[in-house]
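Under our numbering, think of the first position of the sequence shown as -3, with each following residue one higher.
Each residue gets a CB set at the ideal place from its N, CA and C atoms; glycine is no exception.
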Amino acid sequence: MNDCLFCKMATGEIKPEVVYEDDKILAFKDINPKAPVHILVIPKVHVATLNDLDDTKLAGLLLTTVAKLAAQADIAESGYRTIINCNSEGGQEVYHLHLHLLGGKKIESPLA
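Spelled out as structure tokens, the structure:
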């Protein structure tokens, strides 16, 4: 994807504040954090939305990476929230699959 912001981050064309990287996953600090810990976890391969994710191994890597990052940020025991927005009515703004990891404070439920 030539114009995909997160693809440009995955290839190194744009340099986010990286907290984790391997050959399949990139994780970086959100530039507009909603909690003391707010990390975005993305696959390096372009997947537009959760609806487009058909690789169960990649799905597992994304989720286990979130759990590892929560432990590294010392929020695993106190608790954290993971969010995946899908399409416009789901709140997705960047059309490259990404997981939000939020923690470091009590996160109020948006459904309450």
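Within 8 Å, do at least three Cβ pairs link the region 4 to 12 to the region 45 to 61? Short answer: they don't touch.
Distance, D18 Cα to K64 Cα: Straight-line Cα distance between these residues: approximately 13 Å.
Reduced DSSP category for V37 - H, G, I as helix; E, B as strand; rest coil: Here V37 sits in strand by DSSP.
What's the gap between the Cα of H96 and the Cα of N(-2)? Straight-line Cα distance between these residues: approximately 23 Å.
Just to confirm, is the Cβ distance from P39 to L93 under 8 Å? With respect to the 8 Å criterion, P39 and L93 are classified as neighbours on the basis of their beta carbons.
Could you tell me if T109 is buried or exposed, where buried requires 16 or more neighbouring beta carbons within 10 angstroms of its beta carbon? An answer regarding residue 109 cannot be provided, because it is not within the stretch -3 to 108 covered by the chain.
Exposure of G87, with buried meaning 16 or more beta-carbon neighbours within 10 Å: Classification for G87: exposed.
Among K53, A31, V33 and P32, which has the Cα closest to the Cα of V41? Taking only the C-alpha atoms, the option nearest V41 is K53.
Measure the Cβ-Cβ separation of A66 and G99 and say whether it is below 8 Å. Their beta carbons are under 8 Å apart, which means A66 touches G99 by this criterion.
Using the three-state DSSP reduction, which class does E17 fall into: helix, strand or coil? Here E17 sits in strand by DSSP.
Using the C-alpha atoms, what's the distance from K102 back to I80? Taking the Cα positions, I80 is about 19 Å away from K102.
Under the three-state reduction of DSSP, which class applies to K64: helix, strand or coil? Of the three classes helix, strand and coil, the one that applies to K64 here is helix, per DSSP.
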